[in-house]
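What follows is a short report on a single structure.
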Amino acid sequence: MKNCFITGGGSGLGKELALLYSQKGFHIHLASRNMDKLTSAKKEIEASGGQATIYSIDVQKPQAIEELAAAFQKDNQQIDLFINNAGVGIFGPFSSITMEDIETTFAVNVYAPILLTKAFLPLLSSNSTVINIISTAGLRGKKHESLYCASKFALRGFTESLQKEYENDGPRFVAAYMGGMNTPFWDHSDHVKNPAALPHPKQIAERIAQEAEEQLEIIIER
Ligand SMILES: NC(=O)c1ccc[n+]([C@@H]2O[C@H](COP(=O)([O-])OP(=O)(O)OC[C@H]3O[C@@H](n4cnc5c(N)ncnc54)[C@H](OP(=O)(O)O)[C@@H]3O)[C@@H](O)[C@H]2O)c1
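At position 162 of the sequence shown (counting the first as 1) the number is 174 in our numbering, and the numbers step up by one without a gap.
This is how it looks when you write it as structure tokens:
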């Protein structure tokens with residue numbers, strides 16, 4: 013059975029990707045902090061006939077990333093599809109941004125996917141695919157999104173560089189850029205006035221899964 017590893021798979025887009033890829037026959041490995049959300053996602057996957065394993069991890073902790081990758085290596089588990097999906101957004105006027113906001117945003121949106129990709133690289137084969145969930149905030153700057161855009165531009169640069177570095181003999185690195193989605197991402201923010209009007213993440217997950225088969229760059233603008 014093929015293995016698919018997804019960070020932040022307990023909610024939103026990550027959960028929809030997990031449900032979809034479990035239906036495509038992958039064993040799903042979900043990793044994030046909230047075990048209640050992960051347990052509920054695992055139950056949903058199993059209820060529809062799929063298989064899932066969950067891991068509690070704060071991706072802001074480099075040592076936790078190393079330990080998780082080491083556990084996979086010990087079990088000799090190869091990863092066929094690796095999805096860097098966990099992300100945070102702190103929005104508002106640039107003048108109100110704090111050092112803590114900068115550290116959290118870059119730890120989760122930039123350092124974590126870089127460290128995870130490096131730690132799991134030995135478990136990827138030349139046939140594996142890595143999908144980095146970026147955002148249209150990685151394509152252009154947006155008002156009151158300076159920090160978020162800066163982090164997603166960084167993830168874009170990382171992804172595009174690996175596409176070139178592994179062009180001939182490595183895993184495929186897919187960059188996915190999407191606009192707003194109706195997910196818990198907006199639960200503690202008033203940056204988006206009506207998140208309910210945004211597309212459901214299931215729609216976006218379906219586009220990603222379909223387009224990632226052929227393309228290294230996926231842009232979903234609505
Ligand atoms: N919603 C949008 O409008 C939108 C648009 C474009 C791109 N995106 C991107 O899509 C991705 C998924 O977001 P979403 O919209 O599905 O929102 P979401 O439901 O809030 O998902 C984000 C996930 O990231 C995980 N996460 C956050 N901090 C973490 C940490 N320190 N350690 C481990 N996991 C962590 C969360 O899990 P725990 O809380 O359990 O840790 C959560 O499951 C993000 O990269 C986001 O930037 C979202």
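Virtual Cβ for every residue (Gly too), placed ideally from N, Cα, C.
{"Check": "Would the beta-carbon of Lys-55 be found less than 6 Å away from any heavy atom of ligand 1?", "Outcome": "no"}
{"Check": "CA-CA distance, Ala-43 and Gly-37?", "Outcome": "19 Å"}
{"Check": "Under DSSP, the alpha helix (DSSP H) around Asp-48 begins and ends at which residues?", "Outcome": "47 to 59"}
{"Check": "At which residue ranges does the region 69 to 108 contain complete beta strand (DSSP E) runs of 3 or more residues, listed in the order of the chain?", "Outcome": "91 to 96"}
{"Check": "Excluding the 5 residues preceding and the 5 following Glu-58 in the sequence, name in chain order all residues of the same chain whose CB lies nearer than 8 Å to its CB.", "Outcome": "Ala-64"}
{"Check": "Quick check on Ile-13: does DSSP put it in helix, strand or coil?", "Outcome": "In the sequence as presented, Ile is not what sits at residue 13; that position holds Met. Note: Met-13 maps to coil in three-state DSSP."}
{"Check": "Whole beta strand (DSSP E) runs in the region 126 to 178 with 3 or more residues, listed along the chain?", "Outcome": "136 to 145"}
{"Check": "Just the C-alpha distance for Ile-40 and Lys-176, rounded to the nearest angstrom, thanks.", "Outcome": "28 Å"}
{"Check": "In chain order, what residues of the same chain lie with their CB nearer than 7 Å to the CB of Lys-154, ignoring the 5 residues before and after it?", "Outcome": "Cys-161"}
{"Check": "Roughly how many whole angstroms lie between the Cα atoms of Ala-82 and Asn-96?", "Outcome": "18 Å"}
{"Check": "May I ask which residues mark the beginning and end of the beta strand (DSSP E) holding Glu-28?", "Outcome": "Premise fails: Glu-28 lies in the alpha helix (DSSP H), 24 to 35, not in any beta strand (DSSP E)."}
{"Check": "Could you have a look at Gln-215 and say whether DSSP puts it in helix, strand or coil?", "Outcome": "helix"}
{"Check": "Roughly how many angstroms separate the alpha carbons of Leu-128 and Ser-147, rounded to a whole number?", "Outcome": "19 Å"}
{"Check": "So Phe-185 and Leu-228 are supposed to be a Cβ contact under 8 Å. How far apart are they, rounded?", "Outcome": "7 Å"}
{"Check": "So, for His-203: in the same chain, excluding its five sequence neighbours on each side, which residues have a beta-carbon less than 6 Å away from its beta-carbon?", "Outcome": "Phe-103"}
{"Check": "For ligand 1, is there any heavy atom lying closer than 6 Å to the beta carbon of Val-71?", "Outcome": "yes"}
{"Check": "State yes or no: is the C-beta of Phe-197 nearer than 6 Å to some heavy atom of ligand 1?", "Outcome": "yes"}
{"Check": "Would you kindly check if the distance between the Cβ of Leu-93 and the Cβ of Thr-141 is under 7 Å?", "Outcome": "yes"}
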